[in-house]
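J.:
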Amino acid sequence: MIRGLARAGFISLVASGAAVFIHNILSPYGLFLAIAVVPAVIHFLARGAISRLEPIVGVVVWFVVAYIASTERNGNEILVQGDTNGNALLVGTSALVILVLISVMNKRSR
(Lines of atoms letter the chains of each structure in order from A and count residues from 1; the text may use other names and numbers.)
(Lines give C-alpha, C1' and ligand atoms only; values in the text may rest on other atoms or scores of the structure.)
Protein backbone atom coordinates (compact mmCIF):
# COMPACT_ATOMS: atom_id res chain seq x y z
CA MET A 1 0.00 0.00 0.00
CA ILE A 2 2.81 2.42 0.85
CA ARG A 3 4.49 1.64 -2.47
CA GLY A 4 1.27 2.41 -4.35
CA LEU A 5 0.81 5.70 -2.53
CA ALA A 6 4.42 6.69 -3.20
CA ARG A 7 4.00 5.77 -6.86
CA ALA A 8 0.83 7.85 -7.11
CA GLY A 9 2.52 10.80 -5.43
CA PHE A 10 5.58 10.64 -7.68
CA ILE A 11 3.60 10.31 -10.91
CA SER A 12 1.31 13.16 -9.90
CA LEU A 13 4.33 15.27 -8.93
CA VAL A 14 5.92 14.78 -12.34
CA ALA A 15 2.68 15.55 -14.20
CA SER A 16 1.93 18.60 -12.05
CA GLY A 17 5.46 19.92 -12.46
CA ALA A 18 5.25 19.45 -16.22
CA ALA A 19 1.93 21.29 -16.32
CA VAL A 20 3.37 24.19 -14.34
CA PHE A 21 6.32 24.51 -16.69
CA ILE A 22 4.46 24.13 -20.01
CA HIS A 23 1.40 26.31 -19.36
CA ASN A 24 3.11 29.44 -20.73
CA ILE A 25 4.82 27.73 -23.66
CA LEU A 26 3.18 28.12 -27.07
CA SER A 27 0.15 29.91 -25.73
CA PRO A 28 -2.72 28.79 -25.88
CA TYR A 29 -1.75 25.21 -26.83
CA GLY A 30 0.63 24.76 -23.92
CA LEU A 31 -2.13 25.91 -21.57
CA PHE A 32 -4.64 23.45 -23.05
CA LEU A 33 -2.11 20.63 -22.74
CA ALA A 34 -1.28 21.59 -19.16
CA ILE A 35 -4.94 21.70 -18.17
CA ALA A 36 -5.54 18.28 -19.73
CA VAL A 37 -2.45 16.48 -18.40
CA VAL A 38 -3.06 16.51 -14.64
CA PRO A 39 -6.71 15.32 -14.65
CA ALA A 40 -5.82 12.61 -17.19
CA VAL A 41 -2.98 11.38 -14.97
CA ILE A 42 -5.25 11.38 -11.90
CA HIS A 43 -7.85 9.40 -13.87
CA PHE A 44 -5.32 6.78 -14.99
CA LEU A 45 -3.89 6.57 -11.47
CA ALA A 46 -7.38 5.92 -10.12
CA ARG A 47 -8.14 3.25 -12.71
CA GLY A 48 -5.02 1.30 -11.84
CA ALA A 49 -5.18 1.95 -8.12
CA ILE A 50 -5.36 -0.78 -5.54
CA SER A 51 -6.33 1.59 -2.75
CA ARG A 52 -8.89 4.39 -2.74
CA LEU A 53 -6.22 6.69 -1.32
CA GLU A 54 -4.04 6.74 -4.45
CA PRO A 55 -6.16 9.23 -6.46
CA ILE A 56 -6.59 11.33 -3.32
CA VAL A 57 -2.80 11.46 -2.92
CA GLY A 58 -2.54 12.55 -6.55
CA VAL A 59 -5.02 15.38 -6.00
CA VAL A 60 -3.27 16.53 -2.82
CA VAL A 61 0.07 16.56 -4.65
CA TRP A 62 -1.48 18.71 -7.41
CA PHE A 63 -2.73 21.26 -4.89
CA VAL A 64 0.64 21.35 -3.09
CA VAL A 65 2.50 21.87 -6.37
CA ALA A 66 0.01 24.55 -7.44
CA TYR A 67 0.44 26.36 -4.12
CA ILE A 68 4.23 26.21 -4.21
CA ALA A 69 4.37 27.29 -7.87
CA SER A 70 2.06 30.26 -7.35
CA THR A 71 3.78 31.76 -4.30
CA GLU A 72 7.05 33.67 -4.16
CA ARG A 73 10.14 31.67 -3.33
CA ASN A 74 13.81 32.54 -3.07
CA GLY A 75 14.79 35.09 -5.68
CA ASN A 76 11.20 36.41 -5.93
CA GLU A 77 10.35 33.92 -8.67
CA ILE A 78 6.77 32.86 -9.32
CA LEU A 79 6.21 29.96 -11.73
CA VAL A 80 2.45 30.44 -12.08
CA GLN A 81 1.79 34.14 -12.35
CA GLY A 82 -1.52 35.90 -11.80
CA ASP A 83 -2.12 36.50 -15.51
CA THR A 84 -4.74 34.92 -17.75
CA ASN A 85 -2.74 31.75 -18.38
CA GLY A 86 -1.84 31.28 -14.71
CA ASN A 87 -5.38 31.80 -13.48
CA ALA A 88 -6.78 29.51 -16.17
CA LEU A 89 -4.26 26.82 -15.20
CA LEU A 90 -5.06 27.00 -11.50
CA VAL A 91 -8.84 27.26 -11.78
CA GLY A 92 -9.30 24.96 -14.78
CA THR A 93 -7.03 22.19 -13.60
CA SER A 94 -8.29 22.33 -10.02
CA ALA A 95 -11.91 22.10 -11.18
CA LEU A 96 -11.18 19.21 -13.52
CA VAL A 97 -9.13 17.37 -10.90
CA ILE A 98 -11.99 17.64 -8.39
CA LEU A 99 -14.50 16.44 -11.00
CA VAL A 100 -12.30 13.49 -11.93
CA LEU A 101 -11.87 12.58 -8.27
CA ILE A 102 -15.62 12.73 -7.64
CA SER A 103 -16.43 10.63 -10.70
CA VAL A 104 -13.77 8.04 -9.88
CA MET A 105 -14.88 7.74 -6.26
CA ASN A 106 -18.50 7.31 -7.35
CA LYS A 107 -17.54 4.52 -9.75
CA ARG A 108 -15.42 2.75 -7.12
CA SER A 109 -18.18 2.79 -4.51
CA ARG A 110 -20.63 0.90 -6.75
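So the sequence shown is numbered by the numbering used here: it starts at 8 and just counts up by one. Here a beta-carbon is modelled for each residue, glycine too, at the ideal position from N, C-alpha and C.
Determine the extent of the alpha helix (DSSP H) in which residue 32 is found, giving its start and end residues.
T.: Here the question's residue 32 lines up with position 25 in the sequence shown. No alpha helix (DSSP H) contains residue 32, which DSSP labels as neither H nor E.
J.: Just tell me which of 107, 113, 111, 96 has its CA closest to the CA of residue 36.
T.: Residue mapping note: residue 36 aligns to position 29 of the sequence shown, counting from 1. If we check each option's Cα against that of residue 36, 96 comes out closest.
J.: Quick check: the Cα distance between residue 31 and residue 107, rounded to an integer number of angstroms?
T.: Walking along the sequence shown from the start, residue 31 turns up at place 24. Walking along the sequence shown from the start, residue 107 turns up at place 100. Taking the straight line joining both Cα atoms gives about 24 Å.
J.: Alpha carbons only, please: which of 47, 60, 77, 86 is nearest the one belonging to residue 112?
T.: Mapped onto the sequence shown, residue 112 falls at position 105. When each option's Cα is compared against that of residue 112, the closest is 60.
J.: Can you find the residues in the same chain that come closer than 6 Å, C-beta to C-beta, to residue 86, ignoring five residues on each side of it along the sequence?
T.: Taking the sequence shown and counting its residues from 1, one reaches residue 86 at position 79. Contacts found: 27, 76.
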